[in-house]
């Protein structure tokens, strides 16, 4: 097998969707890591992304937003196999998975073992309690899911969590404490949010109370009605209820006097971060990442 001269970090992208945090991460995270490499904090690494292109000869194109994650994941695995076959991987390269339930974690680990190639596998987790959106009741982790997650912890070398609270959520309902030595707390990769809010937001008229994306249907109408009754000088808007575009959402963030967190599974609080950048007052529960 041909040995490359420099170690490479291979990033397995998430599926695309304009209204969730994963799409900005796909663009900003490689740039962020390259910045650390260039300033010497990460040493001599090459950063590559497996972008899950549709394999159709010379007409290969990026995956569509509407395409299922399973199809994207299996194409990434096929791309990884081709990279391995061509000898482009070297000992001590790293694979970084942005989705902890990617089937390629175990498959790539096994392929590397069969090739007698020692790779480091890293996983980013967005862990939080799982709730039933209809009644707000916590859904217990099933044995199948717990076994799957344990296999991910077993096969990967490093597991990245934003905070200890996220790790505590992951560890509840299923004992993952045996893997604690693999866990790293790295904060939120939110540097991209510097450009997420329109310039001039501080001077924009604040006439909106915004319920950001991921508002649960069970609470959506109730909270909106209560706020509208008490805050009659503001328009209370639920981003999910109106199914607005990301561009329209940016405009609403700029006009928001306050942003309200209502999700039972809000593990990163991206909408609240955006509101803070637009000097909106955050209204949040004493739960989750808050």
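In this note's numbering, the protein residues as written are 34 to 323.
Here a beta-carbon is modelled for each residue, glycine too, at the ideal position from N, C-alpha and C.
Item                                                                                                                     : Value
Please confirm whether residue 285 and residue 241 have their CB atoms less than 8 Å apart.                              : yes
When burial is assigned at 16 or more other CB atoms within 10 Å of the CB, is residue 35 buried or exposed?             : Below a pLDDT of 50, predicted positions are generally treated as unreliable, and residue 35, at 48, falls in that range; the measurement from the model is reported next regardless. It is exposed - the Cβ of residue 35 has fewer than 16 other Cβ atoms within 10 Å.
I need the DSSP call for residue 267, collapsed to helix, strand or coil.                                                : coil
In the structure shown, what three-state DSSP assignment does residue 149 receive?                                       : coil
Is it the case that the Cβ atoms of residue 29 and residue 150 are separated by a distance below 8 Å?                    : Outside the modelled stretch of the chain, which goes from 34 to 323, sits residue 29, for which no answer is possible.
Quick one: grab the DSSP three-state call for residue 217.                                                               : strand
If we count the other Cβ atoms within 10 Å of its Cβ and call it buried at 16 or more, is residue 294 buried or exposed? : buried
Would you identify the three-state DSSP class for residue 317, choosing helix, strand or coil?                           : coil
Measuring straight from C-alpha to C-alpha, what distance separates residue 212 and residue 308?                         : 35 Å
Would you report the Cα separation of residue 148 and residue 117, rounded to the nearest angstrom?                      : 9 Å
Looking at the unbroken beta strand (DSSP E) that takes in residue 191, where does it start and where does it end?       : 191 to 194
Suppose contacts are defined by Cβ-Cβ distances below 8 Å. Is residue 155 in contact with residue 41 by that definition? : no
With the cut-off set at 8 Å, would you say residue 199 and residue 217 are in Cβ contact?                                : no
Are the beta-carbon atoms of residue 287 and residue 311 separated by less than 8 Å?                                     : yes
Can you tell me the Cα-Cα spacing of residue 317 and residue 323, whole angstroms?                                       : 7 Å
On the DSSP bridge list, what partners appear for residue 243?                                                           : 270, 292
Cα separation between residue 61 and residue 219?                                                                        : 16 Å
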